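Down below is the structure, laid out as structure tokens.
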Amino acid sequence: MQLDQLYQEIILDHYKRPQGRGLREPFAAGVHHVNPTCGDEITLRVALDGETISDISYDGQGCSISQASASVLHELLSGRKVDDALAVHAAFVELMGGKGQVVPDEEVLGDAVAFAGVAKYPARVKCALLSWMALKDAVAQAVALEKEEV
Amino acid sequence: MQLDQLYQEIILDHYKRPQGRGLREPFAAGVHHVNPTCGDEITLRVALDGETISDISYDGQGCSISQASASVLHELLSGRKVDDALAVHAAFVELMGGKGQVVPDEEVLGDAVAFAGVAKYPARVKCALLSWMALKDAVAQAVALEKEEV
Amino acid sequence: MTALTIPAGMPQYDDKPRFDVERVRADFPILGREVNGHPLVYLDSGNTSQKPRQVIDAVARYYAEHNANVARSVHTLGTESTEAYEGARAKVAAFIGAPSVDEVVFTKNATEALNLVAHAFGPHAQDPRFRLGPGDEIVISEMEHHSNIVPWQLLCQRTGATLRWFGLTESGRLDESNLDELVNERTKIVSIVHMSNVLGTVNATARITARVREVGALLMLDCSQSVPHLPMDVVDYDVDFIAFTGHKMLAPTGIGVLWGRGELLNVMPPFLGGGSMIETVKMTGSTFAPAPARFEAGTPPIAQAVGLGAAIDYLNAVGMDAVAWHDKELTAYALDALDTVPGLRIYGPRVPVGRGATISFTLDKIHPHDVGQVLDSLGVQVRVGHHCAKPICDRFSVPALTRASFYLYTTTDEVDALVRGLDQVRKVFA
Amino acid sequence: MTALTIPAGMPQYDDKPRFDVERVRADFPILGREVNGHPLVYLDSGNTSQKPRQVIDAVARYYAEHNANVARSVHTLGTESTEAYEGARAKVAAFIGAPSVDEVVFTKNATEALNLVAHAFGPHAQDPRFRLGPGDEIVISEMEHHSNIVPWQLLCQRTGATLRWFGLTESGRLDESNLDELVNERTKIVSIVHMSNVLGTVNATARITARVREVGALLMLDCSQSVPHLPMDVVDYDVDFIAFTGHKMLAPTGIGVLWGRGELLNVMPPFLGGGSMIETVKMTGSTFAPAPARFEAGTPPIAQAVGLGAAIDYLNAVGMDAVAWHDKELTAYALDALDTVPGLRIYGPRVPVGRGATISFTLDKIHPHDVGQVLDSLGVQVRVGHHCAKPICDRFSVPALTRASFYLYTTTDEVDALVRGLDQVRKVFA
Ligand SMILES: Cc1ncc(COP(=O)(O)O)c(C=O)c1O
Ligand SMILES: Cc1ncc(COP(=O)(O)O)c(C=O)c1O
């Protein structure tokens, strides 16, 4: 396999210059996820403004794939409507589970299309998904909390 | 292998017409031994008269080899001095552990030489030894008890 | 020997799935060997099955081409090994109709699987279904293999719970007459054998399942003998756990399976602790991965799982319906044939219905060891003894039994060889 | 790169036992394959070793010619299998200098062996040495594999005993400065790794053993990494238990070994219950066989034991002294070579003394996953992550490490390939 399919320039870029890194206040829900096989960790917070995800802030440690993936996630989904964000989320999960057979839609996925190559490396799929799974968890908690408050 | 090496006439004879079978009183020590892999069982008693094994009585269930072996044991060792009996015992154990390579001494072992063929069947060695191991155990207990009483 | 007659209106022989036994035999290298100067007649498949070339080769190929540890590496060999190992899990899940691959736990054998479930019970279990103490009851049966008796006896010793059991009828079936009293509100789990390794009985579980559900207990089936021989669907059966073992189904030694409902596995505490079953480890305490990883501590039997996958491919290619039908025809033939041997008494069902291809018997007063020895001198390999199921011997007041057990490679000629051998046995011990 | 210089008066290089690495390599089919277009460079033997043809064939031959269940049959195949299985036990016993074959218990891996010993302890143990409750202490170390941490944590949870541990020095050795306080009259067992799977450290045990004997505790060594690489004599070492695992010493997956002093094994309660470990079973209660059978419930990993026997034959033919010396030369070479890589930091002893052929490191701030991935693209297989030893990462405040580990088939050329690969890694992530 070609290494640069995996390490696309975009990924290395996000890895070296992560977007939106750091934990910020206020936030509606925060989660901590771990990848037990490799020890990668992420702490992730979402802030809601009505139906909109007003911020995604995060901190963690891990490989280039997991760090770049969190940076792309921040860039792509901050400021989006919850429903929209979940649709993009679903498209990303499908891409990652596709073993390299799924053709990504750049309209939907933006920079995240760069992760298409990762799907061919089963051992790395979990790295790419770490922050995305954390996001889903955090959004679900935030929405549930909001409903309780109403 | 030749089946009749294993099932010597002498063995079938003892099996069909066991000598000294049945549990008798008085006795100095009694034991119960089990072969866990096949479920063969023996209850065996020894009576002592000073240094002499005045009787070996037994009851049990098992295959032709284990039953014949008990019968031969009774015939061979009842009435013998404890030390003599243990010497014969050692010769029999050596024969059984010899994988068919040990040449038995008929002077010492009497009818028990018929078990020479059994030594080539590792799965059956335990059958042949069941009553002999029980005897050793019972004699040791009986001798120990006698000492205590003195 | 009479043939089985099927009443009109029922599916007839010709409707049954079949395969070519000789072609199957050609796949098993060991069947070409001789024993004591006679062609091998292997009638001990209930003890362990023989292995086809396809399984032997799959294991060798794994070591020669892909070998690495699983779930721990990003390198290519590690990825290939992980895919082979998880691929085997998926094959197992499909083979038994498991709703999720995560419900398939690899163990070293069926015995470990049974112990694993027994160890989930205890006085401090978080989930009330696994909380066990004095006054609580566990139900097994008198026809269990020691591996489905001793773990529960040890559990009762640890916790003060009470072990109870189904008795057996004269014809070797479960005595369900006291079902409602035996399985009651105090019952926490019923764990019974699906097919007896001694009597051959296949237990109909519907009434027991209904009662188990009524009282809110759990149900485990020991499928060590059934999964190799009969199509199995864990959802259809409506059970909570099943255990089975690779070596009896054409696969390597060293691998077994626990299947459990995901919802239950995930509330069970870990059993063995170590690598791969953790979420995170600190010196001061650890957290654990979800099932199945939680129950697979240490390096698992990787090559053996790959071999089990190959065995399942083999069985699927032949077809489990065809295997089951082959068993039934052979059993019918053998029951008839053994009926012609004077002094032979069969223990277990004497009709080829509700039973598998395993027949245990006594011959006059000749000890099974002697029966087995004479048969071995003729190349016929049967098992003798208590078959790791002593309570059955006690129930029927026999010290030991001789057992012939068949599989997809067994032929009627081999049954004939057994019958001829038994004549010889009677001659030696006449 | 500098060579190791041995002071005059000590045995010189030429006195050392040697073997022809290329001839050894020819025995390992997998070493002929390519990965990502490059020759395979397998530097992950600490995770699992590759298998020589002799072992692969021994397993295949067993299935094709002798396969049967053990210890249960009088038939010829059963006898042959039992001899093969017990023969393997005898080989293991001889390999580690065990006084008796009955002290060798086959398990599925090292992890099960460690758990087995942990499960022998409890509040109701018959033998006072295994009686454990609140106030009692168990001592491990910060350099343990999870498999020698979690079983003891779970045991402490069950019994209320306290877990304590040796710390580590900066250079990755056991910190024994508080030995006398740490191991004391309350200590029941000290269980430590013989050779660390991360740091490579080989622990000198003499002082610890002396203290353990003084306070009357038991001593267990996790020899998973040492038995494959160093000559071992359990009597010389004066330990009570050792655990190791087949797959790291050229043998199949699915087999491990617990060695224990016979006198201890025979007072330990059974762990897994089931077939073959019993003396007699009644519905109302059972009695158990002596060791080793007592701890081998169910059908054991028969073919895997046979494979382990073949692996031991192979290692004996090469000579364990020669294996150890090859390791040492290679480690000296690799430590020097890695020293030339800018930004590389080694965790563990940096001299080839009191350490084995396992080197863990970080490279700049590049995450080990990325290091491993780039190396893999060049055919170089190393392990990355926490190596099932998270507390070591915590101790040295690193999230993860890259590890290269060698064995008798590893060459200096392969070390060079690693070093070249690391240059490439630095280029990609510059
Ligand atoms: C030091 C050490 N202990 C224990 C183990 C566990 O061995 P296994 O996974 O074969 O049970 C390993 C290997 O993974 C190890 O390196
Ligand atoms: C009914 C039954 N249960 C359990 C077992 C145990 O299987 P294993 O020995 O592979 O653990 C066996 C086979 O020996 C069996 O026949």
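Keeping their order, the protein sequence lines are chains A, B, C and D. Residue numbering for the first sequence follows our numbering, starting at 89 and increasing by one per position. Residue numbering for the second sequence follows our numbering, starting at 89 and increasing by one per position. Residue numbering for the third sequence follows our numbering, starting at 5 and increasing by one per position. Residue numbering for the fourth sequence follows our numbering, starting at 5 and increasing by one per position. Even glycine gets a Cβ: it sits at the ideal position worked out from N, Cα and C. These numbers were taken from a predicted model, which means no experiment stands behind them.
- Taking a Cβ-Cβ threshold of 7 angstroms, the residues of chain B close to ILE282(D) are PRO124, in chain order.
- ILE196(C) has LEU225(C) as its beta-bridge partners, per DSSP.
- In the three-state reduction of the DSSP assignment, GLN385(D) falls in the strand class.
- Of the heavy atoms belonging to ligand 2, at least one sits nearer than 7 angstroms to the Cβ of SER151(C).
- Scanning its chain for C-beta atoms nearer than 7 angstroms, with the 5 sequence neighbours on each side dropped, one finds around LEU161(A) the residues ILE144, SER219, TRP220 and LEU223, in chain order.
- Shown in chain order are the members of the stretch 194-212 of chain A whose Cβ falls below 7 angstroms from a Cβ of chain C: PRO210, ALA211 and ARG212.
- Rounded to the nearest angstrom, the Cβ distance from GLY358(D) to ALA208(D) is 7 angstroms, consistent with a contact under 8 angstroms.
- Judged by the Cβ position, ASP226(C) qualifies as a neighbour of ligand 2 at the 7 angstroms threshold, a heavy atom of the ligand being closer than this.
- Within the same chain, Cβ atoms closer than 6 angstroms to the Cβ of VAL25(C) are found at THR415, the five residues on either side in sequence being excluded.
- For TYR95(A), the chain D residues whose C-beta falls within less than 9 angstroms of its own C-beta are ASP374, GLN377, VAL378, VAL432 and PHE433, listed in chain order.
- Only residues of its own chain outside the window of five on either side were considered, and among them none has a CB closer than 7 angstroms to the CB of VAL154(D).
- Boundaries of the beta strand (DSSP E) harbouring ASP128(A): 128-137, taken from the DSSP string.
- For GLU113(A) and LYS55(D), the gap between their C-alpha atoms comes out near 55 angstroms.
- Counting C-beta pairs closer than 8 angstroms gives fewer than three between the stretch 377-390 of chain D and the stretch 216-226 of chain D, which falls short of the contact rule.
- For the beta strand (DSSP E) assignment, the uninterrupted runs of no fewer than 3 residues enclosed by the stretch 208-284 of chain C are, from N- to C-terminal side, 222-226, 245-249 and 260-264.
- In this structure, the CA atom of ASN73(C) is about 15 angstroms from the CA atom of PHE410(D).
- Following the DSSP letters along the chain, one finds SER142(A) inside the beta strand (DSSP E) bounded by residues 140-149.
- In the same chain as TYR209(B), and ignoring 5 residues on each side of it, the C-beta atoms closer than 7 angstroms to its own belong to LEU94, in chain order.
- Ranking ASP19(D), ALA12(D) and PHE23(D) by CA distance to the CA of ALA326(D) puts PHE23(D) first.
- Within the same chain, Cβ atoms closer than 8 angstroms to the Cβ of ARG162(D) are found at GLY126, the five residues on either side in sequence being excluded.
- Among the residues facing chain D, LEU91(A) is included, as its CB has a counterpart in that chain under 8 angstroms away.
- For LYS169(B), the secondary structure class from DSSP, reduced to helix, strand or coil, is strand.
- No Cβ-Cβ contact shorter than 8 angstroms links LEU426(D) with PRO372(D).
- Here ALA408(C) carries a strand assignment [DSSP, helix/strand/coil].
- Distance from the CA of ASP147(A) to the CA of VAL429(D), rounded to the nearest whole angstrom, comes to 25 angstroms.
- Contact residues of the stretch 332-360 of chain C toward chain B are absent (C-beta to C-beta distance below 7 angstroms).
- At least 8 angstroms separates the CB of MET272(C) from every CB of chain D.
- Contact note: GLY150(B) reaches chain C through HIS371, HIS373 and PRO403, using a C-beta cutoff of 8 angstroms and chain order.
- Sorting ALA122(D), MET147(D) and GLU148(D) by C-alpha distance to the C-alpha of GLU141(D) places ALA122(D) at the top.
- In this structure the stretch 316-326 of chain C does not lie against the stretch 159-176 of chain C, because fewer than three pairs of beta carbons, one per stretch, are closer than 8 angstroms.
- Closer than 7 angstroms to some heavy atom of ligand 1: that describes the Cβ of THR249(D).
- Taking non-hydrogen atoms of ligand 1 into account, the C-beta of ALA200(B) is found less than 7 angstroms away from none of them.
- Not one heavy atom of ligand 1 falls within 7 angstroms of the beta-carbon of VAL194(D).
- Taking a contact to require three or more Cβ pairs closer than 8 angstroms, the stretch 226-236 of chain C and the stretch 28-42 of chain C do not qualify as touching.
- Any Cβ of chain A closer than 8 angstroms to the Cβ of GLY389(D) would place that residue at the interface, and such an atom is present.
- Residues of chain C with a Cβ closer than 7 angstroms to the Cβ of TRP169(D) are, in chain order, MET287.
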